[in-house]
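Since the structure comes first, as structure tokens, the remarks are kept for the end.
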DNA sequence: TCATTTCTGTGTTGATCGATACATAAATGC
DNA sequence: GCATTTATGTATCGATCAACACAGAAATGA
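Residue numbers (our numbering), protein chains in the order written: chain A, 1115 to 1322; chain B, 1115 to 1322.
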């Protein structure tokens, strides 16, 4: 590859990981270049040469987060044998990711750039887009299940998708504020109860 | 009161309201003194004389928010004739507050300072405390209902409190990302289904 | 009238922000 | 060896940050 020139003296991925943890803990606007270079163990010019800018580093850190720490959440939803199990696994994975020991609490994507200065609007839109993907994926799952006859035909896929996306995002705020893994697992039980109620056909006693 | 001296040339509450909207939209770290003085229509020294510091202004703005825009959410929970109606009204009020036209989307308290720079930790703790109050109020409501025999004795108040707090906070993230009032109202239906399931005694068919 | 008190606008403070200029170091190709 | 290429460390850039000094303005009380 790039054999020419003086070789980089640090591991790019390791540095990215360190930057990710700083941004995960303090957010984009709460992390200064000084915070980042200190954590990454490099000087400012090396950071700019390797990542471009603070914003580019943040976006790359978020992408790295989604491919590592948050990957389990999506995989859980996609790979479970049934949709119900997938939803439960997704919530459990989200809780696990949000309550890791020795790491910032809450999901970097769920909490990232929910509000920011006007000049950082680009960052907010990028994070908003990543959060949108969760809801769209959920809706597609519900739509497919309805089309396959696995769920009642009158079920509203968008409604359930919004509901589960709301739970995943709410879990991160709870975790950030100190909620434990055990406290949050109770949320899954109630979420599944809603799912069971919404996917049950012709049960007049269900609402009593 | 303070009759002596040159009278203040601006309305303190109006200025606080303007500051609240800036912080609500951009967050604490995303709002600069320049943003604030411009929106408030005053100069920096007047701001410091009237409010003390940027941090003090933010905390006062959040308190003002909780007493005005967010007041309906708590009142709905406390004043409804039944707990079930109170929960539904609380969620609806939270959705209304989070999707007002011409105002920032999402709740200022739910989204406020979920992460920040270490030097602003005091701000984060204050917001975390305000969010904690919601969960504690909910738990107390459930505990009282159990003690009064209105809910099954084996019901876990903390579990349901975490669940509903998660929903309220998740709703704000959805709203901030552009979810409409109608989309979010679907969440209430599913939440009440969970409540009904959790508060039903001896229903072996309920889990089928 | 005039001292006292409080607020306002101008201008500026030191600190920190994100981002680079520049000279040097360390690799390769020939 | 020597030109070329790329990365590094030092030192610093202009801009902006939150906060304030100061003098003048506008009210009061005596």
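Where is the CB? At the ideal position from N, CA and C, for every residue including glycine.
Contact criterion: CB-CB distance below 8 Å. Does residue 1242(B) meet it with respect to chain A? yes
Which residue comes first and which comes last in the alpha helix (DSSP H) that contains residue 1140(B)? 1126 to 1140
Buried or exposed by the 16-neighbour rule on C-beta atoms within 10 Å, applied to residue 1319(B): The pLDDT assigned to residue 1319(B) is 49, lower than 50, so where the model puts this residue is not dependable; a value taken from the coordinates is nonetheless given after this. Under this definition residue 1319(B) is an exposed residue.
Does any residue of chain B have a CB that is nearer than 8 Å to the CB of residue 1230(A)? yes
Close Cβ partners of residue 1286(B) (< 7 Å) along its chain, the five nearest in sequence each way excluded: 1212, 1220, 1221, 1224 and 1225
Report the start-end ranges of each alpha helix (DSSP H) in the segment 1197 to 1225 of chain A that is 4 residues or longer and not cut off at the edges. 1197 to 1212 and 1222 to 1225
Residue 1298(B) vs residue 1289(B) beta-carbon contact at 8 Å: yes
State buried or exposed for residue 1218(B), treating a residue as buried only when at least 16 other CB atoms are found within 10 Å of its CB. buried
Euclidean distance between Cα positions of residue 1269(B) and residue 1216(A): 33 Å
With 8 Å as the threshold, decide whether the Cβ of residue 1287(B) is near any Cβ in chain A. yes
Local Cβ density within 10 Å of residue 1243(B), reported as buried at 16 or more and exposed below that: exposed
Counting pairs of Cβ atoms below 8 Å between the segment 1242 to 1260 of chain B and the segment 1150 to 1164 of chain B, do you hit three or more? no
Do residue 1172(B) and residue 1124(B) have their C-beta atoms closer together than 8 Å? no
Hey, is the segment 1302 to 1317 of chain A in contact with the segment 1133 to 1141 of chain B, meaning 3+ C-beta pairs nearer than 8 Å? no
Compare the C-beta of residue 1115(A) with all C-beta atoms of chain B and state if any pair is closer than 8 Å. Because residue 1115(A) carries a pLDDT of 45, less than 50, the predicted location of this residue cannot be relied on, and no value is offered for it.
Which of helix, strand or coil DSSP assigns to residue 1281(B): helix
Would you mind telling me which residues of chain A sit closer than 9 Å to residue 1174(B), beta carbon to beta carbon, in chain order? In chain order: nothing, as chain A lies at least about 18 Å away.
What is the C-beta distance between residue 1301(A) and residue 1228(B), in whole angstroms, given that I count them as a contact (C-beta under 8 Å)? The pair is not a contact, with the Cβ atoms about 18 Å apart (cut-off 8 Å).
Against chain A, does residue 1280(B) count as a neighbour if the rule is that its beta carbon must be under 8 Å from one of theirs? yes
From which residue to which residue does the alpha helix (DSSP H) around residue 1264(A) run? Residue 1264(A) -> no alpha helix (DSSP H), and no H or E assigned at all.
Tell me, to the nearest whole angstrom, how far the beta carbon of residue 1283(B) is from that of residue 1186(A); I am working on the premise that it is less than 8 Å. Contact flag wrong, Cβ pair sits at about 22 Å.
Contacts around residue 1273(B), its chain only, beta-carbon distance under 7 Å, and the 5 residues preceding and following it disregarded: none
Under the three-state reduction of DSSP, which class applies to residue 1156(A): helix, strand or coil? coil
Which residues in chain B have a C-beta closer than 8 Å to the C-beta of residue 1250(A)? List them in chain order. Chain B residues near residue 1250(A): none, gap ~12 Å exceeds 8 Å.
Return the CA-CA distance between residue 1198(B) and residue 1295(B), expressed in angstroms with no decimal places. 21 Å
Residue from 1207(A), 1117(A), 1174(A) and 1118(A) whose Cα sits closest to the Cα of residue 1190(A): 1207(A)
Give me the chain B residues within the contact set of residue 1291(A), using Cβ-Cβ distance strictly less than 7 Å, ordered along the chain. 1242, 1245 and 1246
Is the CB-CB distance between residue 1133(A) and residue 1154(A) below 8 Å? yes
For a contact meaning CB atoms closer than 7 Å, what does residue 1301(A) contact in chain B? 1276, 1277 and 1280
Which of the three DSSP states is assigned to residue 1294(B) in this structure? coil
Helix, strand or coil for residue 1146(B) per DSSP? coil
Excluding the 5 residues preceding and the 5 following residue 1131(B) in the sequence, name in chain order all residues of the same chain whose CB lies nearer than 8 Å to its CB. 1178
Neighbour list for residue 1311(B) in chain A, Cβ cutoff strictly below 7 Å: 1307 and 1311
Compare the Cα-Cα distances from residue 1180(B) to each of 1196(B), 1233(B), 1156(B) and 1241(B) and report the closest residue. 1241(B)
Rounded to a whole number of angstroms, what is the C-alpha to C-alpha distance between residue 1118(B) and residue 1291(B)? 49 Å
From residue 1321(B) to residue 1310(B), what distance separates their C-alpha atoms? Summary for residue 1321(B): the model assigns pLDDT 44, below 50, so the residue's position carries little reliability; its value from the coordinates is reported in the next sentence. Rounded to the nearest angstrom, the two C-alpha atoms are 12 Å apart.
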